[in-house]
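What follows is a short report on a single structure.
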Amino acid sequence: MLDASPPDARPFICRFAPSPNGRLHLGHAFSALVNADAARRLSGTFLLRMEDIDATRCRPDYEQAIRDDLAWLGVTPDAPPRRQSEHFADYAAALARLEGMGLVYPAFESRSDIARAVSEQETATSRPAPRDPDGAPLYPFPRTAMADRERQARRAAGAPFVLRLDMAAALAAAGGPLSWQEAEGAPEGPLRTVPADPAQWGDVVLARKDVPTSYHLSVVVDDAIQGITHVIRGMDLFHATSVHMLLQRLLGLPAPVYHHHRLILDASGHKLSKSNAAVSLAALRAAGATPEDIRRRLGLAEPAYPTPST
Ligand code: GLU
Numbered sequence: 237m238l239d240a241s242p243p244d245a246r247p248f249i250c251r252f253a254p255s256p257n258g259r260l261h262l263g264h265a266f267s268a269l270v271n272a273d274a275a276r277r278l279s280g281t282f283l284l285r286m287e288d289i290d291a292t293r294c295r296p297d298y299e300q301a302i303r304d305d306l307a308w309l310g311v312t313p314d315a316p317p318r319r320q321s322e323h324f325a326d327y328a329a330a331l332a333r334l335e336g337m338g339l340v341y342p343a344f345e346s347r348s349d350i351a352r353a354v355s356e357q358e359t360a361t362s363r364p365a366p367r368d369p370d371g372a373p374l375y376p377f378p379r380t381a382m383a384d385r386e387r388q389a390r391r392a393a394g395a396p397f398v399l400r401l402d403m404a405a406a407l408a409a410a411g412g413p414l415s416w417q418e419a420e421g422a423p424e425g426p427l428r429t430v431p432a433d434p435a436q437w438g439d440v441v442l443a444r445k446d447v448p449t450s451y452h453l454s455v456v457v458d459d460a461i462q463g464i465t466h467v468i469r470g471m472d473l474f475h476a477t478s479v480h481m482l483l484q485r486l487l488g489l490p491a492p493v494y495h496h497h498r499l500i501l502d503a504s505g506h507k508l509s510k511s512n513a514a515v516s517l518a519a520l521r522a523a524g525a526t527p528e529d530i531r532r533r534l535g536l537a538e539p540a541y542p543t544p545s546t
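The opening position of the sequence shown corresponds to residue 237 in my numbering, with each subsequent residue numbered one higher.
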């Protein structure tokens with residue numbers, strides 16, 4: 237039988253993954269629209285994910301507001317949202333697998349212990365301590381600073397802890413260089429291979445005593461479970477992709493294509509923040525802006541969606 241499928245019949249599944257801890261602003265609108273427009277243009281699927289693992293900051297009324305803002309923009313997900321807070325068992329399973337591989341250890345230093353060690357190190361060496369791509373100092377203690385047996389005893393005794401990835405051991409277990417495919421210019425643009433360098437993040441936190449996952453862990457688990465083929469998100473997460481490549485390799489998860497889009501900046505060149513009410517969609521809408529005005533302000537053309545064939 238003749239194969240009647242078009243030349244590129246691979247599915248296209250993307251997602252917008254906001255945290256419901258505030259109102260959406262123009263930067264979120266841009267990301268949501270780039271995702272939804274690509275799904276429409278490429279006859280793909282657009283999914284919504286609520287990244288709500290932080291129960292102290294995320295609220296159901298923010299989730300509703302996000303859904304209302306998206307509907308107003310004309311962005312309609314093709315399925316009900318996946319809420320991370322409803323899937324802790326999935327992340328726990330991934331974490332248990334990494335722990336079983338000996339790649340995760342409990343660490344007990346508080347934020348101020350870490351800050352003190354970093355500043356002592358800077359004083360002793362007269363040089364800035366090594367920092368991650370977001371500018372935060374790397375975790376300054378080696379895993380070997382405490383015997384594994386003592387770590388487990390303290391954890392069992394109920395001490396507060398975070399679970400860290402042993403980066404050196406994880407890189408060894410990954411068994412070779414890591415890279416990802418970055419779509420240039422547009423989600424369907426030409427692919428460039430980007431070498432991943434997870435070591436620049438040091439021993440990242442994968443879970444906390446009271447939150448059994450982290451952004452890095454849940455994002456790779458969810459992208460796999462939701463069958464995401466194209467991760468379309470802001471440039472601010474470009475370097476985090478290195479960590480995601482490592483976790484995907486260790487957990488045997490498929491690697492989507494990535495497209496990191498430009499960021500929407502304020503007049504002084506800074507990334508927009510949820511605390512800046514002036515750029516919230518709600519405020520712009522209340523001031524009379526239409527969804528077309530938002531698109532124009534973001535430099536997005538009107539969507540020219542193909543008419544569905546019958
Ligand atoms: N939840 C993340 C954010 O709001 C986005 C995560 C992602 O797209 O990978 O910045």
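Backbone N, C-alpha and C fix where the C-beta goes; we use that ideal spot for every residue, glycine too. All values reported here derive from a predicted model rather than from experimental measurement.
Flag residue i as yes when its Cβ comes closer than 7 Å to any non-hydrogen atom of ligand 1, and as no otherwise.
i       : result
Arg-498 : no
Ala-301 : no
Pro-364 : no
Ala-513 : no
Ala-253 : yes
Leu-473 : yes
Val-447 : no
Glu-287 : yes
Val-455 : yes
Arg-469 : yes
Drop a sphere of 10 angstroms on the beta-carbon of residue i, count the other beta-carbons inside from all chains shown, and report buried for 16 or more, exposed for fewer.
i       : result
His-480 : buried
Asp-472 : exposed
Ala-383 : exposed
Ile-530 : buried
Asp-239 : Caution applies to Asp-239, whose pLDDT of 48 falls short of 50 and renders its modelled position unreliable; the value that the coordinates give is listed next. Under this definition Asp-239 is an exposed residue.
Asp-288 : buried
Ser-545 : Since pLDDT at Ser-545 reaches only 46, below the 50 mark, its modelled position is unreliable, and the value read off the structure follows with that caveat. Looking at its Cβ environment, which holds fewer than 16 other Cβ atoms inside 10 Å, Ser-545 is exposed.
Met-237 : Confidence at Met-237 is low in this model, with a pLDDT of 44, below 50, so the placement of that residue is unreliable and no value is reported for it.
Thr-449 : buried
Thr-477 : buried
Asp-305 : buried
Pro-378 : exposed
Gly-421 : exposed
Glu-178 : In the structure as shown, the chain begins at 237 and stops at 546. Residue 178 is therefore absent and cannot be evaluated.
His-496 : buried
Ala-432 : buried
Just to confirm the assignment, what range does the alpha helix (DSSP H) spanning residue i have?
i       : result
Arg-333 : 324-336
Thr-281 : Looking at the DSSP string, Thr-281 is not in any alpha helix (DSSP H); the run it does join, the beta strand (DSSP E), is 281-286.
Glu-401 : Rather than Glu, the amino acid found at residue 401 in this sequence is Leu. Here Leu-401 belongs to no alpha helix (DSSP H); instead the beta strand (DSSP E) covers 398-401.
Leu-427 : Looking at the DSSP string, Leu-427 is not in any alpha helix (DSSP H); the run it does join, the beta strand (DSSP E), is 427-431.
Ile-302 : 296-309
Val-567 : Any question about residue 567 goes unanswered here, given that the chain covers just 237 to 546.
His-227 : As displayed, the chain neither begins before 237 nor continues past 546, which places residue 227 out of reach and without an answer.
Val-270 : 262-277
Arg-532 : 527-533
Ala-522 : 517-522
Ala-389 : 384-392
Is the beta carbon of residue i less than 8 Å from the beta carbon of residue j?
i       : j       : result
Ser-267 : Phe-252 : yes
Ile-274 : Ile-468 : Reading off the sequence shown, one finds Ala at residue 274, where the question assumed Ile. Taking 8 Å as the Cβ cut-off, Ala-274 and Ile-468 qualify as a contacting pair.
Ser-453 : Ala-265 : This sequence places Leu at residue 453; Ser is not what is there. Not a contact, by the Cβ cut-off of 8 Å.
Leu-269 : Leu-536 : yes
Gln-417 : Tyr-494 : yes
Leu-339 : Leu-486 : yes
Val-447 : Leu-489 : no
Pro-413 : Asp-459 : no
His-261 : Lys-510 : yes
Gly-280 : Pro-247 : yes
Pro-376 : Ala-360 : no
Gly-562 : Gly-505 : For the chain, the structure presents residues 237 to 546; residue 562 sits outside this window and is missing.
Met-337 : Pro-317 : no
Ala-410 : Leu-334 : no
Ala-519 : Ala-513 : yes
The beta strand (DSSP E) with residue i in it runs from where to where?
i       : result
Phe-252 : 249-252
Glu-345 : Glu-345 -> no beta strand (DSSP E), and no H or E assigned at all.
Arg-418 : Contrary to the premise, residue 418 reads as Glu rather than Arg in this sequence. Here the beta strand (DSSP E) through Glu-418 covers 415-419.
Ile-468 : 466-470
His-496 : 493-497
Ala-443 : 441-444
Quick check: the region 252-260 against the region 292-308, are there 3 or more CB pairs under 8 Å? yes
Open item on the list: Quick test of the definition: if touching needs 3 or more C-beta pairs under 8 Å, does the region 343-358 touch the region 426-435?
Closed with: No: the two stretches stay apart, fewer than three of their Cβ pairs being nearer than 8 Å.
Three-pair Cβ contact test at 8 Å for the region 442-457 versus the region 314-332:
Yes, the region 442-457 touches the region 314-332.
*Touch test, the region 459-467 against the region 428-438, Cβ-Cβ under 8 Å, three pairs minimum*: They do not touch, by the three-pair rule.
Using 8 Å as the Cβ pair cut-off and three pairs as the minimum, do the region 335-344 and the region 386-406 touch? These segments touch.
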